[in-house]
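Asks:
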Amino acid sequence: MNTLLYPTYARYDVAFERGEGAYLFDTDGRRYLDFAAGIAVNALGHCHPRMVQAVKRQAERLWHVSNLYRIPEQERVAAKLTANSFADAVFFCNSGAEAVETGLKTVRRFHHEEGNPRRWRVVTVEGAFHGRTLAELAAGRQEKHLVGFGPLVDGFDQVPFGDLEAMKRAVTDETAAILVEPVQGEGGVHPMPPGYLKALRGIADAAGILLFYDEVQTGMGRTGKLFAHQWDDVVPDVMAVAKALAGGFPVGACLASAKVACAMTSGSHGSTFGGNPLAMAAAGAVLDVMLEDGFLANVQRLAGLMSQKLSFVADAYPEIVEEVRGLGLLVGLKCTVPAGDVIDALRDDGLLAVAAADNVVRFLPPLIVDEDQVDDAVRILEVVCERLRG
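The numbering of the sequence shown is the numbering used here, which starts it at 360 and goes up by one.
1) From the DSSP output, in three-state form, read off Lys693 for me.
2) Which of the three DSSP states is assigned to Val600 in this structure?
3) Buried or exposed: Ala374, going by 16 or more other Cβ atoms within 10 Å of its Cβ?
4) Whole angstroms are fine: how far does the CA of Phe394 sit from the CA of Ala442?
5) Let me know the secondary structure DSSP gives Tyr382 once reduced to three states.
6) Under DSSP, the beta strand (DSSP E) around Thr483 begins and ends at which residues?
7) So what does DSSP say about Gly499, is it helix, strand or coil?
8) If the criterion is Cβ atoms closer than 8 Å, does the pair Glu682 and Ala675 meet it?
9) With DSSP run on the structure shown, which of helix, strand or coil describes Thr465?
10) Rounded to a whole number of angstroms, what is the C-alpha to C-alpha distance between Asn361 and Tyr371?
11) Give the DSSP-derived three-state secondary structure of Ala542 in the structure shown.
12) Determine the contact status of Thr577 and Pro541, defining contact as a CB-CB distance below 8 Å.
13) Express the C-alpha separation of Val743 and Val701 in angstroms, rounding to a whole number.
14) Of all the CB atoms in chain B, is at least one closer than 8 Å to the CB of His489?
15) Would you kindly report the start and end of the unbroken beta strand (DSSP E) that includes Asp516?
16) Evaluate the contact criterion for the region 617-625 versus the region 636-654: three or more CB pairs, one atom per stretch, below 8 Å.
17) Near Asp817, which residues of its chain fall below 7 Å by C-beta distance, leaving aside the five closest residues on each side in sequence?
18) Does the beta-carbon distance from Ala535 to Leu569 come in below 8 Å?
19) Taking the alpha-carbon of His628 as reference, which of Lys415, Asp708 and Val466 has the nearest alpha-carbon?
20) In the DSSP output, what is Val459 paired with across the bridge?
21) State the beta-bridge partners of Phe375 as determined by DSSP.
22) Cutting at 6 Å between CB atoms, please list the residues of its own chain near Ala599, excluding the five before and the five after it.
23) Buried or exposed for Pro519, please, with buried defined as at least 16 other CB atoms from any protein chain shown within 10 angstroms of its CB.
24) Between the beta-carbon of Leu637 and the beta-carbon of Trp422, is there less than 8 Å?
25) Counting C-beta neighbours from all protein chains within 10 Å, is the total for Tyr365 16 or more, i.e. buried, or is it exposed?
26) Just the C-alpha distance for Glu533 and Arg477, rounded to the nearest angstrom, thanks.
27) Hey, could you find the ends of the alpha helix (DSSP H) Cys744 is sitting in?
28) Quick check: what's the CA-CA separation for Ile562 versus Arg389?
29) Are there three or more Cβ pairs, one per stretch, closer than 8 Å when the region 394-408 is compared with the region 721-732?
30) For a test of the three-state rule: what should DSSP assign to Leu363, helix, strand or coil?
31) Since Leu491 is in the alpha helix (DSSP H), which residue starts that stretch and which ends it?
32) State the CB to CB distance for the pair Thr623 and Arg468, rounded to an integer number of angstroms; the pair is presumed to be in contact (CB under 8 Å).
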């Protein structure tokens with residue numbers, strides 16, 4: 360263990376020195392099929408030529424100026440995001456945690472500016488993961504993340520997953536917003552039940568509060584649409600995105616409707632690095648690729664193919680895989696053996712995957728993955744299942 364670093368990660372004893380498309384190569388030259396994608400970050404794979412070209416070109420011109428000045432690159436990326444979403448305005452930051460935090464401040468500030476400062480609480484759903492700040496730990500309320508960090512930050516109420524009656528009861532005169540992930544990723548790859556988002560929209564509208572989506576993991580094409588909630592055609596008032604937004608360059612964004620965004624007046628929030636020209640070059644390149652004709656349709660096609668093949672594996676090895684669930688290329692295998700054992704065995708055989716709650720193995724392949732690579736991943740999984748079955 361390297362004692363120069365905080366011991367906050369249980370790191371695998373492998374180090375990568377190069378990536379190409381859907382593959383990573385370690386320092387010994389071994390190739391891995393990357394179905395972890397930096398935890399849903401490397402949506403265009405590794406070293407996508409459009410991204411490399413965009414970042415190189417920008418790096419030779421201008422990296423950072425701060426938000427004291429106009430940043431034309433920000434304005435161009437914001438135009439692409441708003442043209443392809445519900446939103447009218449964007450705040451750029453550096454991470455998903457910052458994007459969610461911006462959203463939490465935005466919903467409070469909105470009600471304050473509307474003359475309802477008593478509305479400041481946010482209702483979340485059990486199993487949620489919204490980030491690692493103290494406030495976001497309180498929003499997720501997962502015990503394993505809270506140990507040792509003192510009293511819970513106040514301002515959050517939580518209801519059982521999918522329980523609309525509990526949600527209605529939880530909304531009070533102090534509630535500012537409902538915060539939900541269209542698909543819980545870290546929580547075990549649980550899509551929200553059919554009709555749930557529509558019902559939340561109705562609850563929020565009836566109470567005069569805001570609907571806030573956390574699409575940090577599910578956004579940017581991961582489910583086969585640019586944003587996961589577009590499958591339900593139920594728009595939010597506020598949305599946090601990050602991870603794949605710049606395909607590996609640290610970028611986050613909070614999107615909001617005009618009526619909500621205007622509450623965040625000059626000086627009410629800020630970011631030194633957020634949305635600097637270099638970050639925006641990466642994000643702009645990602646959006647250009649994802650918005651090309653046929654890109655998201657191909658994600659949907661490959662997602663259907665992968666889900667079908669994984670379901671065959673689950674049927675063949677019920678002693679190992681209990682269920683296949685998810686949406687698009689956010690796929691979870693609910694295991695009957697320890698998920699960590701499956702992930703270790705997959706890695707030993709050259710396939711990278713990610714753990715999630717509820718004893719789930721997550722597959723998060725880059726969105727540029729092809730059929731042969733899906734077949735290779737399934738073949739490795741079958742070999743591992745056969746070996747674990749003994």
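Beta carbons: idealized from backbone N, C-alpha and C, even for Gly.
Given the structure is predicted, the values throughout are model-derived calculations rather than measurements.
Replies: Looking at the atomic coordinates:
1) The three-state secondary structure of Lys693, taken from DSSP, is strand.
2) Here Val600 sits in strand by DSSP.
3) If you draw a 10 Å sphere on the C-beta of Ala374, you find fewer than 16 other C-beta atoms in it, and that means exposed.
4) So the alpha carbons of these two residues sit roughly 30 Å apart.
5) Reduced to three states, the DSSP call for Tyr382 is strand.
6) In the DSSP assignment, Thr483 falls within the unbroken beta strand (DSSP E) covering Arg480 to Val484.
7) Gly499: helix per DSSP, three-state reduction.
8) Inclusion of Glu682 and Ala675 in the CB contact set at 8 Å is not warranted, their separation being larger than that value.
9) Helix at Thr465.
10) Going by the C-alpha atoms only, they are around 12 Å apart.
11) Note that residue 542 is Val in the sequence shown, not Ala. The DSSP-derived three-state label of Val542 is strand.
12) Going by beta carbons, Thr577 and Pro541 fall inside the 8 Å limit.
13) When rounded, the separation of the alpha-carbon atoms in Val701 and Val743 is 7 Å.
14) No chain B appears in the structure shown, which is made up of a single protein chain.
15) Its beta strand (DSSP E) spans residues Phe515 to Val518.
16) Cβ pair count under 8 Å is below three, so no.
17) Any property of residue 817 remains undetermined from this structure, which presents the chain solely from 360 to 749.
18) With respect to Leu569, Ala535 sits close: the two C-beta atoms are nearer than 8 Å.
19) Each of Lys415, Asp708 and Val466 was checked against the Cα of His628, and the nearest Cα belongs to Val466.
20) DSSP output for Val459 lists no bridge partner at all.
21) For Phe375, DSSP records a beta bridge to Asp385.
22) For Ala599, where only same-chain residues beyond five positions count, the Cβ hits under 6 Å are Ala458, Val459, Gly462, Asp573, Val575 and Cys613.
23) Exposed, since its Cβ has fewer than 16 Cβ neighbours within 10 Å.
24) Between Leu637 and Trp422, the C-beta gap is smaller than 8 Å, which places the two residues in contact.
25) Result: exposed.
26) If you draw a straight line from the Cα of Glu533 to the Cα of Arg477, it comes to about 5 Å.
27) Its alpha helix (DSSP H) spans residues Glu730 to Arg748.
28) Cα to Cα, Ile562 sits roughly 52 Å from Arg389.
29) A contact exists between the region 394-408 and the region 721-732.
30) In the three-state DSSP reduction, Leu363 falls in the coil class, being neither helix nor strand.
31) Sequence check: residue 491 is Arg here, not Leu. From DSSP, Arg491 is part of no alpha helix (DSSP H); its letter is neither H nor E.
32) It should be noted that the sequence gives Met, not Thr, for residue 623. Sure, about 6 Å apart at Cβ, within 8 Å.
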